[in-house]
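All residue numbers for the sequence shown refer to my numbering, where the first residue is 44 and numbers rise by one.
For reference, the structure discussed in these notes is given below.
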Amino acid sequence: VIERVMKDWTVLPVRFSTVADSIEDIRGVLRKRYEEFKSMLRDMDNKIELGLKALWKDMDMVFQEMLQENEEIKRLRDKIAAMPPAKTYGDKINLGKMVQAGLKSKKEAEADKMMNSLKTISADTRVNQVYGDNMVLNAAFLVGMTRIKEFDNMVEGFDAAHSKRLKIKYVGPAPPFNFVNIVVEWK
């Protein structure tokens with residue numbers, strides 16, 4: 044239903060599970076917040092949200108790259124491998140912290156490449172929290188209707204260029220959930 048409405052109208056999403064008791068409650072909120080909603084509609088007019096997640100396909104490959112790129116991680120890993128397990132506790136903790144920091148840095152670098160390209164054709168962007176070791180990017184893009192095809196092409200190009208390394212999850216069009224946060228307090 045929402046997708047059909049979005050073809051002809053600008054949609055302002057309201058917080059999930061907002062339920063009115065009556066049509067009069069809805070009219071009251073619309074009257075009371077008319078100027079606010081009018082401004083939001085103007086800002087969101089002819090724009091939709093597109094979501095993009097990028098995930099590394101092969102974490103072993105990513106960890107191997109980190110070993111090649113970071114001599115300190117490689118040195119500590121080799122040191123731990125040569126020692127009796129009972130004497131490696133502190134070094135293992137340090138190695139874990141170094142790998143975690145390296146992984147974070149690697150994610151940010153790869154996410155920045157994608158964001159810098161896609162930002163150029165977006166009206167606005169939101170970077171959301173990533174989950175797990177393999178998620179590199181979790182972002183939402185507010186894109187004008189006239190630029191959707193251009194955005195699609197850029198995502199397809201990025202997917203083709205990185206298909207061995209990244210799994211791209213591309214979702215949309217959707218209402219601008221990440222760009223509008225309407226909370227209705229029924230009184």
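Even for Gly, the Cβ is constructed at its ideal location relative to N, Cα and C.
Remember, it's a predicted structure, so these values are computed and weren't measured experimentally.
Identity of the residue in the options nearest residue i by Cα
i	options	result
Val-223	Ser-206, Phe-184, Glu-46	Phe-184
Ile-164	Met-102, Arg-74, Leu-93	Leu-93
Asn-159	Asp-176, Gln-143, Ala-129, Leu-180	Leu-180
Trp-52	Gly-71, Asp-167, Ser-65, Met-87	Met-87
Trp-99	Lys-192, Val-173, Asp-195	Val-173
Glu-114	Ala-204, Asn-177, Ala-129, Met-141	Met-141
Asp-195	Leu-95, Leu-146, Thr-61	Leu-95
Asp-155	Ala-204, Asp-64, Ala-144, Val-170	Val-170
Glu-153	Ile-136, Met-178, Ala-124	Met-178
Glu-151	Glu-193, Ile-136, Ala-182, Asp-134	Ala-182
Whole-Å CB distance - residue i paired with residue j, under 8 Å assumed
i	j	result
Val-214	Arg-58	Actually they are not in contact, since the Cβ atoms of Val-214 and Arg-58 sit about 20 Å apart, beyond 8 Å.
Pro-56	Pro-218	4 Å
Asn-89	Met-188	5 Å
Met-49	Ile-91	7 Å
Assigned exposure category for residue i - 16 Cβ within 10 Å defines buried
i	result
Pro-127	exposed
Ser-148	exposed
Ala-97	buried
Lys-162	exposed
Ile-66	exposed
Val-105	buried
Leu-209	buried
Ala-124	exposed
Val-62	exposed
Ile-116	buried
One or two residues paired with residue i in a DSSP bridge
i	result
Arg-169	Ala-183
Met-178	Leu-98
Glu-92	Leu-185, Ala-217
Ile-225	Val-57
Ile-136	Answer is none; Ile-136 lacks a bridge partner.
Thr-210	The residue you asked about is not Thr; residue 210 is Lys in the sequence shown. DSSP lists Leu-98 as partners of Lys-210.
Inter-residue Cα distance where the pair is residue i and residue j
i	j	result
Arg-120	Leu-138	7 Å
Phe-220	Thr-131	48 Å
Glu-108	Asp-167	33 Å
Glu-46	Leu-84	17 Å
Asp-176	Ser-206	18 Å
Glu-199	Ser-60	34 Å
Ala-203	Val-54	32 Å
Tyr-77	Asp-101	50 Å
Ala-25	Ala-129	The shown model of the chain, from 44 to 230, leaves out residue 25, and the question about it has no answer.
Arg-74	Ile-211	42 Å
Gln-111	Ser-82	52 Å
Gly-133	Lys-122	12 Å
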